[in-house]
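A.B. asks: Got a structure for you, questions after.
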Amino acid sequence: MSKVKGCIFDLDGVIVDTAKYHYLAWKRLAGELGFYFSKEDNERLKGVSRMRSLDILLEIGDIQIDYKSKLKLAEKKNNWYREYILEMDSSEILDGVIDFISQLRENNVKIALGSASKNTETILEKVGMTNCFEVIIDGNKVVKAKPDPEVFLKAASLLNLRPQNCVVFEDALAGIKAAKMAGMYTVGVGSKDILKDADIVIPGLHAILANELLSLF
Ligand code: BG6
Ligand code: MG
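The numbering of the sequence shown is the working numbering, which starts it at 15 and goes up by one.
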């Protein structure tokens, strides 16, 4: 019998493709600050908290400012980002997500969401997925950001499950690291070249059946 009793999903890049909106907002901020921010640079921000993302962006632009100014810039970026996410609807749910989650439910697997984003509630509401998760842990509910395992450990504990009975689905290196540190199985969603440390890597949730997952772990 499978050891898997719970699945914890990252949000950005696993359930919905919001990375493109984060990119547009960060690029606009970089533009205002007078430098170009490439798509390759944006890869470094995946899975990383808002303030840490800003630090990386400022490092790329070789800009040094105090903490108060950083807070203002982060807020500015977030306001632009929110303009995009407020326009989202269910058509932005990634391929295979709804199907895969319902297959898991049929197999009595518990479902949680574990995201670094403080906009999680808004996004889930906009795409109509708030009720798909028994437990939701987002950036407002943790003290330490990924790659710290706090977000996944909290999710498992609220599901009443042990870490070794949980699988984490993640598109970011920081998230895979966090899940591994939590002692969970990891499924990388994206490219094998980037998500080297994951137990398995799939291109998206459309590419796996719940039965396959349960037979693997
Ligand atoms: C993660 C994204 O899910 O959330 C990061 O991958 C983002 O790119 C982080 O910086 C924080 O998001 P937010 O919505 O709180 O700014
Ligand atoms: Mg992600």
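The beta-carbon is built from N, C-alpha and C at its ideal position, and this holds for glycine as well.
This structure is a prediction, so every number in the text was calculated from the model and none was measured.
In terms of residues, what are the limits of the beta strand (DSSP E) holding F166?
C.D. replies: Reading the sequence shown from its first residue, position 152 is the one you call residue 166. No beta strand (DSSP E) holds F166; the alpha helix (DSSP H) holding it covers 164-173.
A.B. asks: Sort out for me which residues DSSP pairs E184 with in a bridge.
C.D. replies: The residue given as residue 184 occupies position 170 in the sequence shown. Bridge partners of E184: G202.
A.B. asks: Report the CB separation of Q117 from K17 in whole angstroms; it is logged as a contact under 8 angstroms.
C.D. replies: For the purposes of this step, residue 117 is taken as residue 103 along the sequence shown, with counting starting at 1. For the purposes of this step, residue 17 is taken as residue 3 along the sequence shown, with counting starting at 1. Contact flag wrong, Cβ pair sits at about 18 angstroms.
A.B. asks: Could you give the uninterrupted runs of the beta strand (DSSP E) lying entirely in the region 16-94, keeping only those of 3 residues or more?
C.D. replies: The qualifying runs are 20-23.
A.B. asks: Please determine, among I208, G202, A221, the residue with the shortest C-alpha to C-alpha distance to V215.
C.D. replies: Sequence index remark: in the sequence shown, residue 215 carries index 201 (1-based). Nearest of I208, G202, A221 to V215, Cα basis: G202.
A.B. asks: Can you tell which of L47, G75, K132, H36 has its C-alpha closest to the C-alpha of E57?
C.D. replies: Within the sequence shown, numbered from 1, the residue matching residue 57 stands at position 43. For E57, the nearest C-alpha among the options comes from H36.
A.B. asks: Is the CB-CB distance between K60 and A33 below 8 angstroms?
C.D. replies: Taking the sequence shown and counting its residues from 1, the one referred to as residue 60 is at position 46. Taking the sequence shown and counting its residues from 1, the one referred to as residue 33 is at position 19. A contact, by the Cβ cut-off of 8 angstroms.
A.B. asks: What I want to know is whether the C-beta of R64 ends up closer than 7 angstroms to one or more non-hydrogen atoms of ligand 1.
C.D. replies: Locating residue 64 in the sequence shown gives position 50, where the first residue counts as 1. Yes, the beta carbon of R64 sits closer than 7 angstroms to at least one heavy atom of ligand 1.
A.B. asks: Taking the alpha helix (DSSP H) that V111 belongs to, which residues open and close that run?
C.D. replies: Residue numbering aside, residue 111 sits at position 97 when the sequence shown is read from its first letter. Counting along the chain, the alpha helix (DSSP H) containing V111 begins and ends at 111-120.
A.B. asks: At which residues does the alpha helix (DSSP H) containing A212 begin and terminate?
C.D. replies: On the sequence shown, position 198 is the one that residue 212 refers to. Counting along the chain, A212 falls outside any alpha helix (DSSP H), and DSSP gives it neither H nor E.
A.B. asks: For A159, which residues from the same chain have a beta carbon less than 6 angstroms from its beta carbon, with the 5 sequence-adjacent residues on both sides left out?
C.D. replies: Taking the first residue of the sequence shown as 1, we reach residue 159 at position 145. Once the five neighbours on either side are set aside, the close Cβ partners of A159 are S63, A130.
A.B. asks: Cα-Cα, which of S67, D207, G20 is closest to N43?
C.D. replies: In the sequence shown, counting from the first residue as 1, residue 43 sits at position 29. At residue 43 the sequence reads Leu, which differs from the Asn that was named. If we check each option's Cα against that of L43, S67 comes out closest.
A.B. asks: So who's on the other strand from I150, going by DSSP bridges?
C.D. replies: Along the sequence shown, one-based indexing puts residue 150 at 136. BP columns for I150 point to L127.
A.B. asks: Which residues in the same chain as F49 place their Cβ atom closer than 6 angstroms to its Cβ, once the five residues preceding and following it in sequence are excluded?
C.D. replies: Position 35 of the sequence shown, counted from the start, is the residue given in the question as residue 49. Here the set comprises G75.
A.B. asks: So, at 8 angstroms on beta carbons, what are the nonlocal neighbours of N121 in its own chain, with the 5 sequence-adjacent residues on each side left out?
C.D. replies: Here the question's residue 121 lines up with position 107 in the sequence shown. Hits under 8 angstroms: A224, N225, L228.
A.B. asks: At which residues does the alpha helix (DSSP H) containing S229 begin and terminate?
C.D. replies: Working through the sequence shown from its first residue, we reach residue 229 at position 215. 224-230 is the span of the alpha helix (DSSP H), which, as asked, contains S229.
A.B. asks: Give the residues whose C-beta lies closer than 7 angstroms to at least one heavy atom of ligand 4, in chain order.
C.D. replies: Among the ligands present in this structure, namely ligand 1 and ligand 2, ligand 4 is not found.
A.B. asks: Got a sec, what are the start and stop residues for the alpha helix (DSSP H) V157 sits in?
C.D. replies: Locating residue 157 in the sequence shown gives position 143, where the first residue counts as 1. Careful: V157 lies outside any alpha helix (DSSP H) and carries neither H nor E.
A.B. asks: Enumerate in chain order the residues of its own chain whose CB-to-CB distance from G218 is below 7 angstroms, with the five nearest sequence positions on each side excluded.
C.D. replies: For the purposes of this step, residue 218 is identified with residue 204 of the sequence shown, where counting begins at 1. For G218, where only same-chain residues beyond five positions count, the Cβ hits under 7 angstroms are L108, D109, G110, V203.
A.B. asks: Under 7 angstroms from any heavy atom of ligand 1, does the C-beta of G153 make it?
C.D. replies: Residue 153 sits at position 139 when you count from the first residue of the sequence shown. G153 Cβ: within cutoff of ligand 1.
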